[in-house]
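In this note's numbering, the protein residues as written are 3 to 354.
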Ligand SMILES: Nc1ncnc2c1ncn2[C@@H]1O[C@H](COP(=O)(O)OP(=O)(O)O)[C@@H](O)[C@H]1O
Ligand SMILES: [Mg+2]
């Protein structure tokens with residue numbers, strides 16, 4: 003018990019330090035930063051959704067920095083060279099092998115050898131994922147799911163927990179369906195533990211802070227962030243949370259009731275908000291991230307506030323909102339999110 007409390011104290015302190023460091027380069031987005039860290043601790047993947055120019059890429063780079071990773075160095079784990087960070091710009095001509103890798107002919111040995119693609123990294127930024135074709139998207143999503151990649155007849159792990167190698171995908175997406183974009187289908191969105199919706203800066207003050215941060219700099223402030231923890235520390239934290247943070251019977255009951263109440267065929271009252279409710283997979287993801295949030299505030303048990311903090315981020319891309327209400331609210335992406343937000347509040351009220 004003592005060791006658990008000491009480790010929890012450390013997770014809490016280190017997390018505060020990580021957040022403090024990230025906030026040197028990112029103004030605002032407190033909740034979003036917290037969720038992106040919780041998703042890492044819960045060993046999930048995150049999708050950042052928002053218009054261009056609101057620091058989505060910068061947020062991913064900031065996380066890379068504070069975790070002691072970088073783009074240049076390769077870290078050799080079990081003879082596989084992994085990069086600390088890869089940014090893959092998704093474009094219509096991107097091929098699956100541009101992500102995972104391919105076999106190349108070596109004229110010296112007269113043999114084909116695997117050339118590992120940029121997915122062999124600790125953190126992969128899949129930037130503007132909705133600009134690639136469905137075939138390429140699904141190669142990415144399959145690798146994310148399976149945490150391994152097959153090139154030729156050999157399979158290579160993307161994660162190696164016993165040697166301190168984690169694998170975290172942060173994808174970004176623009177909600178405006180512009181020409182030449184391929185929106186991810188629901189079944190693929192489901193692979194992301196969370197979808198984090200990023201809005202414009204929330205106040206005039208924040209907007210000015212952003213400009214102050216940049217006004218006298220040639221480069222990006224994110225380049226100057228210091229590392230706070232190591233990749234190995236991240237894996238140990240993930241293991242610790244999975245093993246030691248408890249979900250009581252009462253809390254399981256609460257989460258199960260919430261998930262079931264999102265389903266229109268189980269709970270008639272919710273039909274006004276949702277056409278399709280959440281799956282058991284969604285419930286599992288909700289439990290995992292709630293455990294991470296509990297640990298981040300130094301607690302060994304999940305409370306309702308952890309679940310309520312995570313729920314919108316875990317469910318917004320899995321629920322299908324009622325189209326009539328969406329139209330009533332204006333019919334755009336913002337209207338969809340408003341319906342989902344209201345529906346979830348209604349569900350939580352109904353089960354408590
Ligand atoms: N909230 C913010 N805090 C700090 N910098 C910001 C913020 N919003 C935008 N910026 C700056 O604006 C520029 C665009 O950010 P970027 O991460 O490339 O956006 P996106 O990936 O969302 O298109 C960067 O220079 C970034 O530092
Ligand atoms: Mg970007």
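Where a beta carbon is used, it is the ideal one built from N, C-alpha and C, also for glycine.
When Cβ pairs closer than 8 Å are counted between the two stretches, the stretch 62-81 is seen to touch the stretch 148-167, the count reaching three or more. If you check the CB distance, residue 25 and residue 298 do not come in under 8 Å. When Cβ pairs closer than 8 Å are counted between the two stretches, the stretch 264-274 is seen to touch the stretch 308-328, the count reaching three or more. With 16 or more other Cβ atoms inside 10 Å of its own Cβ, residue 146 counts as buried. Unbroken alpha helix (DSSP H) stretches of 4 residues or longer found wholly inside the stretch 269-327: 282-298 and 306-317, given in chain order.
Taking 3 residues as the minimum length, the stretch 199-259 contains no beta strand (DSSP E) run wholly inside it. Residue range 335-353 is occupied by the alpha helix (DSSP H) that includes residue 335. Excluding sequence positions up to five before and after residue 123, its CB lies within less than 7 Å of the CB of 84, 85, 86, 87 and 88, all in the same chain and listed in chain order. Counted as a single uninterrupted DSSP element, the beta strand (DSSP E) harbouring residue 156 occupies residues 156-159. Closest option to residue 232, judged by alpha-carbon separation, among 56, 11, 152 and 20: 20.
In the three-state DSSP reduction, residue 150 falls in the strand class (E or B). For residue 189, the closest of 281, 206, 107 and 245 by C-alpha to C-alpha distance is 281. Note on geometry: alpha-carbon atoms of residue 116 and residue 99 lie some 11 Å from one another. If you draw a straight line from the Cα of residue 246 to the Cα of residue 228, it comes to about 29 Å. Residue 174 has its CB nearer than 7 Å to a heavy atom of ligand 2. If you draw a straight line from the Cα of residue 202 to the Cα of residue 4, it is about 44 Å long. The DSSP-derived three-state label of residue 73 is coil. Residue pairing from DSSP places residue 104 in a beta bridge opposite 117. Residue 127 sits close to residue 59, with the two beta carbons spaced by under 8 Å.
The three-state reading of DSSP puts residue 43 in helix, counting H, G and I together. When DSSP states are grouped into helix, strand and coil, residue 129 belongs to the strand group.
Distance from the CA of residue 241 to the CA of residue 111, rounded to the nearest whole angstrom, comes to 42 Å.
In terms of side-chain proximity, the C-beta atom of residue 177 is found no nearer than 7 Å to any non-hydrogen atom of ligand 1. Taking residue 312 as the centre and dropping the five residues before and after it, the same chain places the C-beta of 37, 40, 196, 288, 291, 292 and 295 closer than 8 Å to its C-beta, in chain order.
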